[in-house]
Amino acid sequence: MGSVIATSRTSSPHARRARSTSQVMLWVMVATLPGLAMQTVYFGWGNLINVVLCVLLAVGAEAMVLALRKRPLTFYLKDNTAAVTGLLLGLALPPLAPWWVSAMAVVTAIVLAKQLYGGLGSNPFNPAMVGYALVLVSFPLAMTTNWAAPAGLWQAAPDLSATVQSIFGGGQTAVDAFTMATPLDVYKHEITSHVASEVWQNPTFGTGIAKGWEWVNVAFLSGGIGLIVLRIITWHIPVSMLAALTVMSLAFGSNPDVTTPLSLHMLAGATMLGAFFIATDPVSAATSHQGKLIYGAGIGVLLYLIRTWGNYPDAVAFAVLLMNFAAPFIDHYTQPRTYGHRKARRGIASKGH
Amino acid sequence: MAALWQFPGGIHPTGNKHQSSARAIREAGLPPALILPLHQHIGAPAQTRVEVGDHVLKGDCLADAQGPMGVPVHAPTSGAIEAISLQPVPHPSGLSDWCITLIPDGQDSWGQRHPVSDYQQHERTDILAHIRRAGIVGLGGAGFPTSVKLKPPAQDTITTLILNAAECEPYITADDRLMRERAADIIAGLDIMAWLVRPERCLIGIEDNKPEAIGALEEATRGSLIEVIVIPTRYPSGGEKQLIQILTGREVPHGGIPADIGVICQNVGTAAAVARAIHQGEPLISRITTVTGNAVGTAGNFDVRLGTPVDYLLTCAGAQDKAIQQLIHGGPMMGFTLTNPAVPVVKSTNCIIAAGTGELPGPAEEQPCIRCGACAEACPMELLPQQLFWTSKSGEFDKAEHLNLFDCIECGVCAYVCPSNIPLVQYYRHAKGEVRTRRAEQIKADQARQRFDARQARLERDQAEKEARRKERASAMVARSPLEPDQPENSKAARGAAVREALARKNRTPSSKAGSGDTPATVASPGTGASAAETTAQPPDLADLEKQLAQARNKLNTMAGMLKEAQAGNADNVDKLERAVAKNRERVTRAEQALADARTRVDATPTSTD
Ligand code: SF4
Ligand code: SF4
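Those protein sequence lines, which keep their order, are chains A and B.
Under the numbering used here, the first residue of the first sequence is numbered 871, with each subsequent residue one higher.
Under the numbering used here, the first residue of the second sequence is numbered 27, with each subsequent residue one higher.
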């Protein structure tokens, strides 16, 4: 044997079997499909159109910035993370929001919140939620009046052309007939002057908990459980977030004549989408198990506080963003106890150690 | 059945063991030349005792052990010494090192063998010395001298002796085959080790993917007190720390050794080697090595003489030169690539993988970390690999150390699961290397500073002495005046002593407020630490302090030397040594301080005539 063996020198381990980032992201997208399907069934074509629009815009914006930053396009685009950001925005924005609102949100998310911070992995804030929060603050009207009424695709929901017209045409008025405030919004405002039984009469709630919304939330919940089963996310953040929301609701809002009841907190609004798909965005969340529990619980508490006492009917975006701020700090103080150490080394590194 | 514990994380990589575990151990035979590195273990390289042209017999000692951590090197066959030269050796960075080249004469005739009959009739230290003379080191891969491991520090009582038969890394089946075919040897070795360390329990930990080996061990241990404990297959259960955790539920303390929690862990191959050394009087001159991978025709295990070139061994296993894409020394998780197939098999060579095309594809392009946490989920040491990665990458080594960088066992689990293909372990190795270099530099700088300070102090002292003599002479010239009272300087000195004494007392008993006055009377008052008053009042013994300082310096130097050695060998006690060095450095500083203090006091007392 000569020295003809042209072997390369690589670092151990020489074996790997990981799901690639792009696969992980693909699974996340797949897991949102039940929720998207339910949204479409109950609220019409709006979300579906939004999702397609936002994904395209997100990928386009990412490609543009990458080109400007002179980065290899395909290498970065194929990680699918921009598509997921677009997808989440498409799912979260009001179904009938005009196109420029969505575009604004997506561009903010990708360009400002992600790429300007250095791209994937370096963004301290959840990009989708930065985009969402920005348009929510900037265009409160468009963001609160464009929720489709839960009419059911088979009944009175706007048909495809009306939806397209509403989103892309200037004619917002065309769809006014189809829109309706969200259940959380309605309850919050009506309960100040009515008792619970009267509020429940509002058509928003239908015969179930929150007409249509409950099924959308159940669908996102099932997709999320799928992600946990596939070990793409861990249970810590969603469970602690939902648990904290429950505890808060029971502690401060057990009287449905005064405050929004737990059932609505759980099954109306963006709770499940937020718990399983948004709060779990790994880049901007806490990392250790204990840290994730704290992080999730923080989101749950903030979500309740803002929904109940804040100006906005829903608050997933703000709650997540606020906890994004806290994540590095949480990480510092939740280092796991390493093997062989009597206790965990926590806090910020200091020379003294 | 003993209760089992679990270690956190871990993975289930594809075993790839059947390729090599099906065939019985084969003799590798005599290669045309044997290349024997002098440094096949942690510790100082062995010192050659033969010369070029010498004829040696099988089992003859070719190089003597150096230092406490060294072991000797023996001739794996009879033949002539052809060269003592620098040769490429198996090393992650493709180093060359000093090697003895032995050309076999084909006779394979044994020299003197020294079996020990009835070892239990001997002193334990004699048996340990015998094991050391046989050149035995841990055959699991670390190369730690077995005799050192079997002689734990006096303060540690050993309760559990563990035989590591887990062999958790993919591809490797050397221990598996050894257990199937030579279980009796292994148990004989375990008996000897158990006699040496007198544990309460003797356990063999083996993964459940080796049913034949389990059967053989159970057969061989029938009727004995040795417990064969079958553990679930999960990488890295064979890591020493993990196996101890699984079997005892306890963790080796950070920076400590297993003996600190009463455990000693040995590899099965090592046990067999110990049995051979004691019962047959044969030193460690061969080992079982797995040769496998898609590029070899007949994968399997070989009983191979140390020093056998890897390419010779590959030929034995029918390797196709051209088919080899990558050559790995060790397993796929922790091994390193060989770029030169001429390197010899050494004491730690448990496996050679000749990987074919696509078998062990190199890492795909590194993507940004998405902080998915998969690495932290899987890390068996409960580290935060991604944070370690960020800090290592950005050169924030302080932070990396704070994140327990040095607890990383480089098992490769984190990189295995990373969806972004980040070569995490490579980053950690780099960071560790950097930190070690910096510490070494720090030590050097400290030593230089100390030397400088000492010199400075000496010069000052000389100066002061000269001055004192001059003044003495001057005052002798002046007639003694009756005006000259001893009073002022006396009280001054006494006051100084009082302050010092008060400080000393304050340090001892912070609550005691007594005696903080500055008059000599307070100092002299009884019950305020007479002994302290004594030590301060009496002139300090300079010679004594100097001796202490010298001793402390000596110790520091030894520790620093040991540390350097350990660092060179990538030993796992580096951490501990580093702390020892730091402590000793402190001691030196303190001794210097004390000496300097004493000197100023000595100098001050007789000369304060202002
Ligand atoms: S597994 Fe890789 S991508 Fe995920 S957190 Fe760890 S280093 Fe980052
Ligand atoms: S290589 Fe180090 S950090 Fe990575 S899993 Fe193993 S012990 Fe943990």
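A virtual CB, placed ideally from N, CA and C, is assigned to each residue, including glycine.
Output yes if chain B places a C-beta closer than 8 Å to the C-beta of residue i; else output no.
i: R1177(A); result: no
i: Y1209(A); result: yes
i: T944(A); result: no
i: H884(A); result: yes
i: A1044(A); result: The predicted model places A1044(A) with a pLDDT of 49, which falls under 50 and marks its position as unreliable, so this point remains unresolved.
i: Q985(A); result: no
i: A888(A); result: yes
i: R941(A); result: no
i: G991(A); result: yes
i: Q1035(A); result: no
i: D1278(A); result: The requested residue 1278(A) is not part of the displayed model; chain A covers only 871 to 1223.
i: T891(A); result: yes
i: Q817(A); result: Here chain A covers residues 871 to 1223 and nothing more, so residue 817(A) does not appear.
i: S1110(A); result: no
Whose CA, out of the options, lies closest to the CA of residue i?
i: R887(A); options: A325(B), I37(B), A109(B); result: I37(B)
i: T318(B); options: T296(B), A200(B), I213(B); result: A200(B)
i: F247(B); options: A390(B), N235(B), V115(B), C228(B); result: Checking the displayed sequence, the identity of residue 247(B) turns out to be Thr instead of Phe. Cα-wise, what sits closest to T247(B) is C228(B).
i: S1154(A); options: A1196(A), T891(A), L923(A); result: A1196(A)
i: T902(A); options: L918(A), L1134(A), L986(A), A1167(A); result: L918(A)
i: H140(B); options: L128(B), I157(B), I126(B); result: I157(B)
i: T1208(A); options: L431(B), A608(B), G241(B), A301(B); result: L431(B)
i: T185(B); options: S173(B), E193(B), G167(B), W221(B); result: W221(B)
i: G333(B); options: A617(B), H100(B), R579(B), A569(B); result: H100(B)
i: L364(B); options: S119(B), K175(B), A325(B), A285(B); result: S119(B)
i: R481(B); options: R397(B), A622(B), R496(B); result: A622(B)
i: P640(B); options: D131(B), R464(B), A48(B); result: For chain B, the structure presents residues 27 to 636; residue 640(B) sits outside this window and is missing.
i: G281(B); options: T316(B), E427(B), R611(B); result: E427(B)
i: C377(B); options: Q468(B), I287(B), G295(B), G132(B); result: G295(B)
i: W897(A); options: F1009(A), A953(A), G914(A); result: A953(A)
i: G326(B); options: A494(B), V461(B), Q146(B), S46(B); result: S46(B)
i: H1135(A); options: V1117(A), G1096(A), P997(A); result: V1117(A)
Let me see if you follow: with CB-CB separation under 8 Å, is residue i close to chain A or not?
i: D433(B); result: yes
i: Q513(B); result: Residue placement at Q513(B) is poorly supported in this model, since its pLDDT is 49, which falls under 50; the coordinates are not used for a value here.
i: H280(B); result: yes
i: G41(B); result: no
i: A441(B); result: yes
i: A235(B); result: For the record, residue 235(B) in the displayed sequence is Asn; it is not Ala. Closer than 8 Å: no.
i: P196(B); result: yes
i: I354(B); result: yes
i: L30(B); result: no
i: I162(B); result: no
i: G36(B); result: no
i: G344(B); result: no
i: G438(B); result: yes
i: C398(B); result: yes
i: F362(B); result: yes
i: C395(B); result: yes
i: H428(B); result: yes
Report back the beta-carbon spacing between residue i and residue j to the nearest angstrom; my notes put them in contact at under 8 Å.
i: V256(B); j: I272(B); result: With 8 Å as the limit, V256(B) and I272(B) do not qualify as a contact, their Cβ atoms being about 11 Å apart.
i: K43(B); j: Y261(B); result: Contact doesn't hold; Cβ gap of about 12 Å is too wide.
i: L1172(A); j: L1143(A); result: Their Cβ separation, rounded to whole angstroms, is 16 Å, which puts L1172(A) and L1143(A) out of contact at 8 Å.
i: V223(B); j: L187(B); result: 6 Å
i: G264(B); j: E193(B); result: 6 Å
i: A402(B); j: T1157(A); result: 6 Å
i: G161(B); j: P98(B); result: 5 Å
>> My parser needs the alpha helix (DSSP H) runs of 4 or more residues fully inside the stretch 919-1003 of chain A; what are they?
In response: Correct list: 943-947, 951-962, 969-977.
> Mind pulling the alpha helix (DSSP H) runs of 4 or more residues that sit fully within the stretch 430-511 of chain B?
Replying inline: Listed in chain order, the complete alpha helix (DSSP H) runs (minimum 4 residues) inside the stretch 430-511 of chain B are 439-443, 450-503.
> Can you give, in chain order, each stretch of the alpha helix (DSSP H) that sits fully within the stretch 337-416 of chain B and has at least 4 residues?
Replying inline: DSSP runs (the alpha helix (DSSP H)) wholly in the stretch 337-416 of chain B: 400-404.
>> Please give the ranges of any beta strand (DSSP E) in the stretch 211-285 of chain B, keeping only runs that are unbroken, at least 3 residues long and fully inside the region.
In response: You should have 227-233, 253-257.
> In chain order, which beta strand (DSSP E) runs of at least 3 residues are fully inside the stretch 1116-1159 of chain A?
Replying inline: Annotation: the stretch 1116-1159 of chain A contains no complete segment of the beta strand (DSSP E) (minimum length 3 residues).
>> Please give the ranges of any beta strand (DSSP E) in the stretch 108-187 of chain B, keeping only runs that are unbroken, at least 3 residues long and fully inside the region.
In response: Counting whole runs of 3 or more residues, the stretch 108-187 of chain B contains the beta strand (DSSP E) stretches 122-130.
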